[in-house]
Amino acid sequence: MVNIAHLIPVFPFLAFWLNIAFGRRLGRGSAYVSVGASLISTVLAILVFMGLKPGGGSYELATWITIHDHPITLGIIVDSLTVMMLLVVTIVGTLIQIYSIGYMGGDIRFSRYFAYISLFMSSMLGLVLADNLLMLYIFWEGVGLCSCLLVAFWYEKPAAAAAGVKAFVTTRIGDTGLLIGILILLATGHSLRFADMGSLPGSEILMAVAALLIFLGAMGKSAQFPLHVWLPDAMEGPTSVSALIHAATMVAAGVYLVARSYVLFAMHPLALQTVAIIGAISAIMAASIACTANDIKKVLAYSTVSQLGLMMLALGAGGFTAGTFHLMTHAFFKALLFLGAGSVIHAVHTQDIRQMGGLIHKMKITGVTFIIGALALAGIMPLSGFWSKDEIFITLWQSGNPLLFGAAVLTSFLTAFYMARVIFLTFLGEPRTETHAHESPAVMTFPLVILAVFAAGLGFIGSPWCHGAFQNFLTGGEEAVHLNYGMIVFSTALSLSGIGLAYLLIVKGFKLPGSDCPCRNWFIRLVENKYYVDELYDVVFVQTFHKICEAMKRFDQLHIDGAVNGVSTIVAFCAQAVKRLQTGLVENYLLMQAGGVLALLLFILGKLCRIF
Amino acid sequence: MIPLGHIVALSLFLFCVGVYGVLTQRNAIRFLISVELILNAANINLIAFNKYLGSPDGLGQVFALFVIGVAAAASVVGLILVIAVYRLRKSVNTDDFNTLKW
Amino acid sequence: MNEAVFYIIAFLVGAGALLSVTVRDIFHGAIWLALTLISIAFLYFYLDAGFLGVIQILVYVGGIMALFVFAIMLTAKIGDRSISQVNRQFWPGLLIAATLFVVLGKVVMDGPWMRLQAGSPVTDLKTIGTSLVTSYVVPFEFISLLLLAALVGAVVIGKVKK
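Protein chains in written order, with my numbering: chain B, 533 to 1144; chain P, 9 to 110; chain Y, 3 to 164.
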């Protein structure tokens, strides 16, 4: 049953063409085309999962191109990592598309939206199925394109159009790195297949450089520092898009890429360390920004950056299973949180959490599922986020680097704090503004409930109670996972203290000691302005670029145009002089002709016949 | 018989007079007269070489005949053009016509 | 005797040609051209090309010369005789013609033709007639076509439009 895996991306792709070609005629029916296609993909993915043999495998569809006797094949890889990603993408994707039927209901470009979503699904599934880097790169660009199209979906809003451009350009920096990395691997290692990646010929340094460049691509896609700036802006797109692309699947592609080419990274300590450090910086930075953001989607966006950083951190510290486990659980509870936020926005028509409050009384299903997702993200005991975060903690503790462990602890604490803050401000307490909120329709709440079930229960497959079924599925090992009571107590206490701090500050209105200190204000302002990264980029890149362009323009106008105009002036001048020759008098022409004949005659007689 | 060179020299003189006429005369009819001289110079050569070098099928004389035919056609068309131009511009002087430029 | 005849003919041809392009009156020029053409016809007789001589007189003197005279009479102006008949490039034109004469004259003098005496059999009319309708029938037909085209063209151009 594994050999049907290549059909999985085909159905969403067909749905894309159907919706593009007949979207106007299909009307609301285009949603059913897309949902149906992705349901078929889900069924196929489950079948592939059922038929998966231990260790997995790959099969070739065709030889694509041959470069110097090194064939690049259209190959499909089917192993536990791919199957996990397939299940996540198809299940979350299908649920989000069902949700979108309600959320995008009144939109004028309804069918266009579903066409893009189908194209995205197809690209994303192709990305996880690709067995070599070149195929992956194509689908990688495909998801990037869909991301740009969907972020700028409401392009009538200037902010949305700008955000689409920003998402595209920022990830492009990473993509360029990825492309160069692929070319280095192709030039020195002669193979792009993931299966060969552990045994590539080529110098150590070049391989390390290639690994770092591939990680640059992952940084762009997964919005890691310093390429994280596009993700918060991408929240201009529809919330369902944010849930699917910018929380659950596409941004996880970077983490997936690192996990997929993990052997390449594992060979070079430097590459792994870079991954870990970048992950740690992103995790702490984004978590701290999330604490000050007031836009519910921005909070979730920075939270996504932070959690992706945590995954990178785990991968960089050697925790392959920890990172991928967190990737899976995060996909579900973050999609749930975004969809819940979308439901709230749909009801109250604002994104500012300061204007919400007490919504749980009016929106029971949304409220409860959102709180389940938030607690899972904060890492409360039996929910999925707890187990994956616990796994990361254990990995980092065992790696013996106190700084990295500290970064994870701090991130985790901040995560509990900002999620509690969102809950307290949005769903609990008293309404701060007059709203006529109401529960969303069933088509939107149904996916919330399903996702909440996943968010709550999915952790168990990686827990000691299931004997680490997930870990063994991923690595193919038989290792039992033991309960680490010390770590459980520690991380629970950490999460609870974060929630407690939020309760004290927001509900009870306590002030932190030394809150009047000017240094604190200075720090708060720094965080509130997102560490001035956008401003820094503006000064360093944008304005420099403008200055260079200005200089180029001056040079162009002065010298290039001058040269061109000079040439034309010279030609015109010469023409003015030469046109005197053309008198219009026939006898003049004849004279010139006779003179020419005479000269030619003299030349021939003198040079060739040597008569003169 | 006189040597062939003398006849060729006569033909060359005729040709050069024709060229001189074409280049220096302003009257279009004189122009055509000069062209006739040039064509006749060529004809003298053809017939003289036919006489001195011989040809089993009389090639030189046949070609001289063709030249005469072509010259007749050229003269007819040239003269009628001169007359047509004269009707329009009341002049047959070539230096009155300088629109053939720029 | 033979040589004397040739030199007389040559003198008539050369003088006629020179006068036909230099005399001020265009009508006189046409008369001198007629003299030249008749002299050339005699040269053809001298060169044993009697048929060509006859044709020369028929076509040139009888046909083309008549055309020239008509053209001159149709276009001549009263004041023409007083103004110069040469244009502004008289000196360069003369120079080129003279140089051409000198250069080609040297070629003629240096060539092998100065010593060449006649020795070939005479081409008779029968040979020419046979050639015209056998070997050279295609150019012959083309010439007739060309003459027809010239005839029609002359009529079209010369017709006075009402």
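By construction, the Cβ of each residue, glycine as well, lies at the ideal position given by its N, Cα and C atoms.
In the structure shown, the three-state DSSP call for residue 87(Y) is coil. Shortest Cα-Cα distance from residue 893(B) to any of 968(B), 822(B), 935(B), 869(B) involves 968(B).
By a beta-carbon distance limit of 8 Å, residue 50(P) contacts residue 75(P). Their separation comes to about 6 Å. Contact holds between the region 13 to 29 of chain Y and the region 25 to 43 of chain P, because three or more Cβ pairs, one in each stretch, are under 8 Å apart.
Annotation for residue 610(B): the continuous beta strand (DSSP E) segment containing it runs 602 to 610.
Using a Cβ-Cβ cut-off of 8 Å, residue 1122(B) counts as an interface residue toward chain P, since at least one Cβ of chain P sits closer than that to its own.
Taking 8 Å as the cut-off, the Cβ atoms of residue 810(B) and residue 887(B) do not count as close. DSSP links residue 112(Y) through a beta bridge to no other residue.
Excluding sequence positions up to five before and after residue 15(P), its CB lies within less than 6 Å of the CB of 56, all in the same chain and listed in chain order. Under the three-state reduction of DSSP output, residue 119(Y) falls in the coil class, being neither helix nor strand. Between the region 534 to 541 of chain B and the region 608 to 622 of chain B there are three or more C-beta pairs closer than 8 Å, enough to call the two in contact. As a beta-bridge residue in DSSP terms, residue 594(B) pairs with 606(B). Taking a Cβ-Cβ threshold of 9 Å, the residues of chain P close to residue 92(Y) are 31, 32, in chain order. In the DSSP assignment, residue 707(B) falls within the unbroken alpha helix (DSSP H) covering 690 to 716.
Annotation: residue 102(P) is outside any alpha helix (DSSP H) and is labelled neither H nor E by DSSP. Apart from the 5 residues on each side of it in sequence, residue 946(B) sits with its Cβ closer than 8 Å to the Cβ of 816, 819, 820, 822, 823, 838, 1030 in its chain, given in chain order. Residue 975(B) and residue 924(B) have their C-alpha atoms some 35 Å from each other. For residue 33(Y), there are no neighbours in chain P by C-beta distance under 9 Å, as the nearest C-beta there is about 11 Å away.
Counting along the chain, residue 923(B) sits inside the alpha helix (DSSP H) bounded by residues 916 to 931.
Rounded to the nearest whole angstrom, the CA to CA distance from residue 52(Y) to residue 44(P) is 21 Å. Note: residue 589(B) is bridge-paired with 610(B) in the DSSP secondary-structure output. Residue pairing by DSSP places residue 884(B) opposite 827(B) in a beta bridge.
Looking at 687(B), 1120(B), 670(B), the one whose alpha-carbon comes closest to that of residue 645(B) is 687(B). Judged by DSSP in its simplified three-state form, residue 572(B) adopts helix. In this structure, DSSP gives residue 1031(B) a helical state, which the three-state scheme calls helix. At least one CB of chain P lies nearer than 8 Å to the CB of residue 5(Y). Residue range 782 to 792 is occupied by the alpha helix (DSSP H) that includes residue 782(B).
In the DSSP annotation of this structure, residue 1072(B) is not part of any alpha helix (DSSP H), being labelled neither H nor E. Closer than 9 Å at the C-beta level to chain Y, one finds these residues of the region 1104 to 1136 of chain B: 1117, 1119, 1120, 1122, 1123, 1126, 1127, 1129, 1130, 1133, 1134. The beta-carbon of residue 104(P) is placed no less than 8 Å from the nearest beta-carbon of chain Y.
Using a Cβ-Cβ cut-off of 8 Å, residue 98(Y) counts as an interface residue toward chain B, since at least one Cβ of chain B sits closer than that to its own. Selection 638(B), 744(B), 889(B) evaluated against residue 706(B) yields 744(B) as nearest (Cα-Cα). If you check the CB distance, residue 898(B) and residue 875(B) come in under 8 Å.
The C-beta of residue 1082(B) has fewer than 16 other C-beta atoms within 10 Å across all chains shown, which makes the residue exposed. Under the Cβ distance rule, residue 61(Y) does not count among the residues neighbouring chain B, no pair being separated by less than 8 Å. Residue-level contact check: residue 22(P) touches chain Y, since one or more beta carbons of chain Y fall below 8 Å from its beta carbon.
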